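Right, one structure below, let's go through it.
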Amino acid sequence: MSDQNIYVQALKKDNAELTKQNYDLMKKYTVKTSDPVINDVIDRIFKRHLQGMEKFKKTMSDNSKPIPEWIEESIQEKIDDICYMSTLKDRIVANEEALKKEMALVREQAQIDILEKDRELGRVYKKINILEARENKPSDTNNKEWLKEYWEWKKQHGKKT
874 MSDQNIYVQA LKKDNAELTK QNYDLMKKYT VKTSDPVIND VIDRIFKRHL
924 QGMEKFKKTM SDNSKPIPEW IEESIQEKID DICYMSTLKD RIVANEEALK
974 KEMALVREQA QIDILEKDRE LGRVYKKINI LEARENKPSD TNNKEWLKEY
1024 WEWKKQHGKK T
């Protein structure tokens, strides 16, 4: 092995050790901001950097890949991103449509329930009037007031029986 190779090997070994020490320090002293979204992005970038270093064993600045290859990789990433976003959009739209249908059914059922309760209340009121008429008793003042308030409320809210 030549003297030059010995120096190159020693420098590579030193560089690897310094890189490891640098990563250990970066893990220990992470950058944090007051914005949790930015902190998440910083953490993701750092994790992605570590994955790249593990896989490629060199930094992006040390990578001598030709410019057209960098551009092609960027294009491929963007194509993948467009596919992911299109899929997510389709799923969101489908979920929204399903929720709208479900909400319409719930509203419809609530309106049916209200109409049934109104009809039932009307039948009860008629029975009370019939019973009072049979017994020739004047109707209870509280019941009349309550029913008067109820029908006034119905009129104000546009509900019809």
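The working numbering numbers the first residue of the sequence shown as 874 and each following residue consecutively. C-beta atoms are modelled at their ideal positions from N, C-alpha and C, and glycine is treated no differently. Remember, predicted model here, so these are calculated numbers, not experimental data.
Check                                                                                                                                      : Outcome
Leaving out five residues before and five after Q949 in sequence, what residues of the same chain have Cβ atoms less than 6 Å from its Cβ? : none
If you draw a straight line from the alpha carbon of Q924 to that of D954, how long is it in whole angstroms?                              : 20 Å
Could you tell me the alpha carbon to alpha carbon distance between I879 and K928, rounded to whole angstroms?                             : 26 Å
What three-state label does DSSP hand N912 in the structure shown?                                                                         : helix
Reducing DSSP to helix, strand and coil, say where K931 ends up.                                                                           : coil
My parser needs the alpha helix (DSSP H) runs of 4 or more residues fully inside the region 931-1013; what are they?                       : 940-1008
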